[in-house]
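Engineer: Residue numbers (my numbering): 4 to 627.
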């Protein structure tokens, strides 16, 4: 175990720089420090667990260094805090205390306040940098989102990547800027009342520039477990304690050194660990020990596994929430007609959308097939779990970027349907997540892009196109060749947001809708609570869903979401719309109003309680 008093990596101390690296197969590790055109070697002391450490008096902040193992090859630091010359170059000594924070009064947010805005640094701003993102934080605040979630920023090979090919888990990506520039971005977010969540990857490392296996003598991975990216990370075999500590230190590194408010844990279903205490459970314990404000921990997990979000005292892992994509899949099948791939497991029927909304996810151990037959399925029940534990979205980086042409939901459904779905998402009691540009129905795609070597890049390009051969639209090899090349710089450039279009029709109207819906989420008492017993949903016709939100004090909102054609709903006859005494429903917002880029002809509400919707759209009514 890492000894108390110092961390892995390079840290300045009074007498120089303290270096520590886990290289269990090496007898001798030397720090190579560049001085002009020469490199000087400084041996480190080895302990019985394979950690090599020591203070180098001649090293300072800014020194460039590598580790040489047993007089042979030299490598960057697996725990490097910065790689100024990229993944293959030397590591740089960084002073973690060299930044003047001004967020001392920042107390964080409650879970109920979270509206997550997911973004990719490289395509969010024209500059594609940490510094370039800062002026655009004002847009996020004005929108009404309360937290920004960055796709992984750990250093990766090349200049453009989604971030899931990171190989330097402790180092902000060189392509985006220096460590202090990322700290400035976090500091500026906090000054605006925005929480910061960082996507981290603890299930694999990228294919290029990954020197961790070489430094650790192959102990970091294990062939005992397999993932879609190859051998699993060694969380339960010989040497696994050091691997686990590496991951824990990394999480705490971002949460403390960078003041990040939470982590999104990528693909936790691919983190395989047969230990008595799963690595995720131990990670939660370590994070919960941190003093001060609460730090959020969310999982991306495809298993619909309730134990992840059950409290630790109830035998669960104790995460704050989980990405629950079932609602996305149901809504996209209903609205856009997607039926291939994993969409084939979903029905898109109104009654099943309702079930998914009420449960948090669709697959709970059994489900109905699109043909109406019951079948055993992956998943667990959600009874007793608060709706806020489920992160719901209409789109995210995966659901856009993993489409062949990176098309957004607004590319595939009419705007009235898009606006209706937006109201459904933002009026539901789950934790909503928005994908950058969603709020104005952005025209730019989000494509899959990389910047690998020519040889690896060709494999990526061919593999990307091969992925789609099982879909009917891409049976023809010539059609598959039209899928954008991930390696092309143009693919990356096309994925950048076009900020000017926010002021243009119809984008400006959609943006107005998002701003008003998010303002309601903050001001309407019924939308500020998320208790399961204060929420209900029911079908409201063949293509319509109705949600009821109550504030626990007698007030209520009714949200009618129509995805098809003209409908009439008699609110007096529906149990979900029942009101006591002489109370009645009054419309407060219709998504097809002209200020939202609709045509204004949304329908009418008659005094006797009949709601007529002339076309797809959503109406929010308040009890009076």
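A virtual CB, placed ideally from N, CA and C, is assigned to each residue, including glycine.
1. Verify whether the separation of the beta carbon atoms of residue 309 and residue 332 is less than 9 Å.
2. Can you round the beta-carbon distance between residue 514 and residue 443 to whole angstroms, since I take them to be within the 8 Å contact cut?
3. Hey, out of 262, 434, 625 and 457, whose CA is closest to residue 121's CA?
4. Going by other Cβ atoms of all chains shown within 10 Å of its Cβ, with 16 needed for buried, is residue 21 buried or exposed?
5. Going by alpha carbons, who is nearest to residue 145 out of 522, 82, 584 and 235?
6. Among 520, 134, 61 and 29, which one has its Cα closest to the Cα of residue 18?
7. So what's residue 70 in DSSP terms, helix, strand or just coil?
8. Quick one: what's got a C-beta closer than 7 Å to residue 242's C-beta in the same chain, skipping five residues either side?
9. Name, in chain order, the residues that DSSP records as bridge partners for residue 446.
10. Quick check on residue 253: does DSSP put it in helix, strand or coil?
11. Quick one: measure Cβ to Cβ for residue 141 and residue 166, integer angstroms, because I've assumed they're closer than 8 Å.
12. For residue 614 and residue 595, what's the separation of their Cα atoms in angstroms?
13. Inspect the CB distances between the region 395-411 and the region 520-538 and report whether three or more fall short of 8 Å.
14. Taking the alpha carbon of residue 293 as the reference point, which residue from 254, 57 and 143 has its own alpha carbon closest?
15. Roughly how many angstroms separate the alpha carbons of residue 583 and residue 557, rounded to a whole number?
16. Given 8 Å as the limit, is there contact between the region 321-335 and the region 349-359, that is, 3 or more CB pairs closer than that?
17. Identify, in the order they occur along the chain, each residue of the same chain with its Cβ nearer than 6 Å to the Cβ of residue 553, setting aside the five sequence neighbours on each side.
18. From 598, 593, 549 and 565, pick the residue whose C-alpha is nearest to that of residue 581; which is it?
19. Buried or exposed for residue 545, please, with buried defined as at least 16 other CB atoms from any protein chain shown within 10 angstroms of its CB.
20. Tell me the start and end of each unbroken alpha helix (DSSP H) in the region 302-350 that is at least 4 residues and wholly inside, in chain order.
21. In this structure, how does DSSP classify residue 55 when only helix, strand and coil are distinguished?
22. Tell me whether residue 588 sits in a helix, a strand or coil according to DSSP, three-state version.
23. Go through its chain and collect everything with a Cβ distance to residue 66's Cβ below 6 Å, but skip five positions before and after it.
24. Mind checking who residue 549 pairs with in its DSSP beta bridge?
25. Which residues share a DSSP beta bridge with residue 494?
26. Can you give, in chain order, each stretch of the alpha helix (DSSP H) that sits fully within the region 86-147 and has at least 4 residues?
27. Just to confirm before moving on: does the CB-CB distance between residue 322 and residue 287 stay below 9 Å?
28. Sort 427, 382 and 91 by Cα distance to residue 540 and report the nearest one.
29. Please classify residue 624: is it buried, with 16 or more other beta-carbons within 10 angstroms of its beta-carbon, or exposed?
30. Using a Cβ-Cβ cut-off of 6 Å (strictly less than) and excluding sequence neighbours within five positions of residue 397, which residues of its own chain qualify?
31. Rank 272, 306 and 147 by C-alpha distance to the C-alpha of residue 228 and give the top, closest one.
32. Straight-line CA distance for residue 441 to residue 455?
33. Taking the C-alpha atoms as reference points, what is the distance between residue 64 and residue 320?
34. Taking all protein chains shown into account, decide if residue 1 is buried (16 or more other Cβ within 10 angstroms of its Cβ) or exposed.
35. Name the DSSP bridge partner or partners of residue 268?
36. Straight-line CA distance for residue 568 to residue 385?
Structural biologist: The relevant details are as follows:
1. Counting from 1 along the chain shown, the entry for residue 309 is found at position 306. Counting from 1 along the chain shown, the entry for residue 332 is found at position 329. With respect to residue 332, residue 309 sits apart: the two C-beta atoms are not nearer than 9 Å.
2. Residue numbering aside, residue 514 sits at position 511 when the chain shown is read from its first letter. Residue numbering aside, residue 443 sits at position 440 when the chain shown is read from its first letter. Approximately 4 Å separates the beta-carbon atoms of residue 514 and residue 443; this is inside 8 Å, confirming the contact.
3. By 1-based counting over the chain shown, the position of residue 121 is 118. Checked all of 262, 434, 625 and 457; the closest Cα to residue 121 is 434.
4. Within the chain shown, the letter at position 18 stands for residue 21. Classification of residue 21: buried, given that the 10 Å Cβ count is 16 or more.
5. Along the chain shown, read from residue 1 onward, the residue named residue 145 stands at position 142. Closest by alpha carbon: 522.
6. Locating residue 18 in the chain shown gives position 15, where the first residue counts as 1. Nearest option by C-alpha distance: 61.
7. The residue given as residue 70 occupies position 67 in the chain shown. It is a strand residue.
8. One-based indexing of the chain shown puts residue 242 at position 239. Here the set comprises 27 and 222.
9. Indexing the chain shown from 1 puts residue 446 at position 443. Note: residue 446 sits in no beta bridge, so no partner.
10. Translated into positions along the chain shown, residue 253 becomes position 250. Looking at residue 253 - three-state DSSP - the assignment turns out to be helix.
11. Within the chain shown, residue 141 is the residue found at index 138, counting from 1. Within the chain shown, residue 166 is the residue found at index 163, counting from 1. Actually they do not touch by this definition, with Cβ atoms about 24 Å apart.
12. Here residue 614 refers to the residue found at position 611 when the chain shown is read from its first residue. Here residue 595 refers to the residue found at position 592 when the chain shown is read from its first residue. Taking the straight line joining both Cα atoms gives about 14 Å.
13. no
14. For the purposes of this step, residue 293 is taken as residue 290 along the chain shown, with counting starting at 1. Measuring from the Cα of residue 293, the nearest candidate turns out to be 254.
15. One-based indexing of the chain shown puts residue 583 at position 580. One-based indexing of the chain shown puts residue 557 at position 554. Roughly 10 Å between the two C-alpha positions.
16. yes
17. Taking the chain shown and counting its residues from 1, one reaches residue 553 at position 550. Leaving aside the five residues that flank residue 553 on each side, the residues in its chain whose CB is nearer than 6 Å to its CB run, in chain order, 529, 537 and 559.
18. Here residue 581 refers to the residue found at position 578 of the chain shown. With distances taken between Cα atoms, residue 581 lies closest to 549.
19. Looking up residue 545 in the chain shown gives position 542. Around the beta-carbon of residue 545, fewer than 16 other beta-carbon atoms lie within 10 Å, marking it exposed.
20. The region 302-350 contains, as complete alpha helix (DSSP H) runs of 4+ residues, the segments 329-339 (chain order).
21. Within the chain shown, residue 55 is the residue found at index 52, counting from 1. The answer is strand: DSSP assigns residue 55 an E or B state.
22. Mapped onto the chain shown, residue 588 falls at position 585. Correct three-state label for residue 588: strand.
23. Residue numbering aside, residue 66 sits at position 63 when the chain shown is read from its first letter. For residue 66, where only same-chain residues beyond five positions count, the Cβ hits under 6 Å are 36 and 96.
24. Taking the chain shown and counting its residues from 1, the one referred to as residue 549 is at position 546. According to DSSP, which records beta bridges pairwise, residue 549 is partnered with 541 and 563.
25. On the chain shown, position 491 is the one that residue 494 refers to. Paired residues: none, contrary to the question.
26. Whole alpha helix (DSSP H) segments, 4+ residues: 124-127, 133-136 and 140-146.
27. For the purposes of this step, residue 322 is identified with residue 319 of the chain shown, where counting begins at 1. For the purposes of this step, residue 287 is identified with residue 284 of the chain shown, where counting begins at 1. The answer is yes: Cβ separation under 9 Å.
28. Numbered from its first residue, the chain shown carries residue 540 at position 537. Of the candidates 427, 382 and 91, the one whose C-alpha sits nearest the C-alpha of residue 540 is 427.
29. Residue numbering aside, residue 624 sits at position 621 when the chain shown is read from its first letter. Under this definition residue 624 is a buried residue.
30. Indexing the chain shown from 1 puts residue 397 at position 394. Only 412, 424 and 428 meet the Cβ criterion.
31. Here the question's residue 228 lines up with position 225 in the chain shown. The option with the nearest alpha carbon to residue 228 is 272.
32. If you number the chain shown from 1, residue 441 lands on position 438. If you number the chain shown from 1, residue 455 lands on position 452. Computed Cα separation, rounded: 29 Å.
33. Taking the chain shown and counting its residues from 1, one reaches residue 64 at position 61. Taking the chain shown and counting its residues from 1, one reaches residue 320 at position 317. Straight-line Cα distance between these residues: approximately 39 Å.
34. In this structure the chain extends from 4 to 627, so residue 1 is not present and cannot be described.
35. Within the chain shown, the letter at position 265 stands for residue 268. Note: residue 268 sits in a beta bridge opposite 203 and 302.
36. Looking up residue 568 in the chain shown gives position 565. Looking up residue 385 in the chain shown gives position 382. If I take the Cα positions, the gap works out to 33 Å.
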